[in-house]
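Counting the sequence shown from 1 gives a position; my numbering is that position plus 62. Ideal Cβ positions, reconstructed from N, Cα and C, are used throughout, including at glycine. Each remark here refers to the structure printed beneath this line.
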Amino acid sequence: GYGYADELTRHFFEGELVIGRVAEDELARRYTPGVTLDEVNRVADAWTDTATRAITITAPAKAKGLPTKAAVEALVTAVDARTLAPWVEAKVPTTLLATAPTAGTIASETPADDLGVTRWTLGNGVRVIVKPTTFDNQRVYLSADSPGGTALISDKEFASGRFAIEAVLSGGVGEFTADQLDRFLATRSVQLWPWLGETAEGMRGNASTADLPVLLQLAHLRMTAPRRDPEAFAAWQRGRIELLERRDVSPEIAMNDQVQLALSGGHKRRKPVTAADLRATKLDPALAVYRQRLGDAGDWTFTIVGNVDLATLRPLVETYLASLPATKRVDPRKDIGVKPPKKVVTKIVKRGTEPKAAVQLIFHDDDTWSTDAEHDVEILGSALEMRLREILREDMGGVYGVGVYGWVTRSPVQRRFFTIRFGCAPENVDALRAAAMAEIARMQKDGIDASYLEKIKATRRRSHELALTDNQYWLSLLSDAAQYGDDPHQALADAEAPDRVTSDQQIGRASCRERVSLNV
């Protein structure tokens, strides 16, 4: 959309011809091969003409120690005088693994069930769940999960360990620097991201069917061979520190920080990261936490969904997953003791210079997780969002949009959260907030009109129909079921039953009172 709008804008103001993307592509294919290196160099020389050079320095309003004009001119003169040698690209290996690991075994197999799901337990204890599909032609999705996370490391380890993923991603993997890995993957359709959360860790990725071996090789290396690169880590650290030093000027970041602090009761592990935290971070402790949390595959579950052939997948799993180091460690999802406020907390965060405000109303309470509870709070959110859009936007003309979201956490603590967000003019905050609270009270008393519930049912029914042909839906469904020991048949049955929705069920989820209110 933006691309078309920009092109039409240039056409109107600058007279640029609009010939269409197909024609532009045909011209590019015709003329690009004729562009020579000499022509590119001549353009570069013209762009670096010092006669028209302009130097701009931007910095926060409160920044200190900015360079003087003389210092900048001296720096530019020194750079211009340097003789730069042509960049020489380091040769990138043609394979991720020069030698394949010693293959393990598939210890047991549960053949495909009525959902088309096959389950393998490997000799090292790793579980593998596979659902072949043809929804997304020639694409395979992977999810790997393990309970544990940063909750199982000490406070001393946490200081650097919270940045374990960044430490590894900055350094690369195996014999590959991060840059070499990017160049290796540039000619392949493979993506894989390790992650480390508070109560779990894992990896998410996808690949073309043809590049499935590379995806599993990379998963193997991410767990067995994180690369230590002090220079790359230091560069990441410097860049992140610069961002953190400027974060306080952003109204959105300041508000998010206050939300996090309020909902966690100021818990030390939920406090926003500061530049001082980054300066104190050390590479080796961060890598140690990574190896501790992602280096033992004993309680890991790999879920694979997509256009995959079981006969082709089997030897790949035996080679790259069954060979992963594993003990009999089975980690819990540990509660770190976060205590949300038990009374109403109101925060007013003043940042920025523009005449605008952002408002969040957050409700929470203890709850008992169930698929019904999860669906009920989601549906309540949809119904309230429809009503608040009518009241706050259409009737009062006070907002452009409003978002309402509800969810129930399952582990390690079961708790319900409900959030209302909208932006408005600062002078309208109190009136709009009061209107939102009044509608909640009315809905608690009178219930949800049947017409809204019918719209929501129809929308959810259609969304579920589309989800059944989406690989990522199945990936999430099967991996979540495996992590919690659920039957995926039951999860499907619950999602397929929007007709159980009634006003009383949803209103039962609206009983908690407001606990946190923020505006910026």
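The DSSP-derived three-state label of Asp-346 is helix. Look at Glu-237 here: in three-state DSSP terms it is coil, with no helix or strand label. Taking a C-beta distance under 9 Å as the contact criterion, Tyr-382 and Pro-288 do not qualify as a contact pair. From the listed residues Arg-224, Glu-307 and Arg-290, the smallest Cα separation to Arg-332 is found for Arg-224. Bounds of any beta strand (DSSP E) do not take in Arg-395, whose DSSP letter is neither H nor E. Note that the C-beta distance between Val-464 and Leu-450 is below 9 Å. A straight-line Cα-Cα distance of about 5 Å links Cys-486 and Ala-419. Boundaries of the beta strand (DSSP E) harbouring Lys-409: 407–410, taken from the DSSP string.
The beta-carbon distance between Pro-402 and Leu-325, rounded to whole angstroms, is 5 Å. This is short enough to meet the 8 Å contact definition.
If you check the CB distance, Gly-211 and Gly-259 come in under 9 Å. When the beta-carbon positions are compared, Val-421 and Phe-480 stay at least 9 Å from each other. In the DSSP assignment, Arg-189 forms a beta bridge with Thr-183 and Thr-363. Beta-carbon to beta-carbon, Ser-538 and Pro-347 are separated by about 33 Å, too far to satisfy the 8 Å threshold. When Arg-91, Asp-198, Ser-208 and Gly-82 are compared, the shortest CA-CA separation from Tyr-546 is found for Ser-208. The secondary-structure analysis by DSSP pairs Met-458 with nothing; it has no beta-bridge partner. Within a 10 Å sphere around the beta-carbon of Arg-391 sit fewer than 16 other beta-carbons, which makes this residue exposed. Annotation note: the stretch 193–237 contains the following uninterrupted beta strand (DSSP E) runs of length 3 or greater, listed N- to C-terminal: 201–209. For the set Pro-194, Glu-447 and Ala-296, the Cα lying nearest the Cα of Gln-534 is the one of Pro-194.
Pairing Asp-532 with Asp-198, the inter-Cα distance amounts to about 8 Å.
When Val-97, Gly-236 and Ala-123 are compared, the shortest CA-CA separation from Leu-159 is found for Gly-236.
DSSP, reduced to helix, strand and coil, places Ala-497 within a helical segment of the structure shown. Within its own chain, the residues whose Cβ lies closer than 8 Å to the Cβ of Asp-542, once the five positions on either side in sequence are excluded, are Asp-548 and Ala-553, listed in chain order. In the three-state scheme derived from DSSP, where H, G and I count as helix and E and B as strand, Gln-476 is classed as coil.
The bridge partners DSSP lists for Gly-267 are Leu-204 and Leu-254. Less than 9 Å separates the beta-carbon of Ile-191 from that of Arg-181. In the structure shown, Ala-152 falls within a coil segment according to DSSP collapsed to helix, strand and coil. Look at Ser-170 here: in three-state DSSP terms it is strand.
An exposed status is given to Val-406, since fewer than 16 other beta-carbon atoms sit within 10 Å of its beta-carbon.
Per DSSP, reduced to three states, the secondary structure at Val-470 is strand.
DSSP, reduced to helix, strand and coil, places Ala-162 outside both helices and strands of the structure shown, so it counts as coil. Counting only residues of its own chain and dropping the five nearest sequence neighbours on each side, Leu-306 has a CB closer than 7 Å to the CB of Val-335, Thr-336, Ala-337 and Leu-340. Check the Cα spacing between Thr-389 and each of Tyr-203, Gly-187 and Thr-130: the tightest is with Gly-187. His-329 sits in coil when the DSSP states are folded into three classes, being neither helix nor strand.
Per DSSP, the beta bridge partners of Ala-419 are Cys-486.
Under DSSP, the beta-bridge partners assigned to Val-464 are Phe-484. Annotation for Lys-131: the continuous alpha helix (DSSP H) segment containing it runs 131–143.
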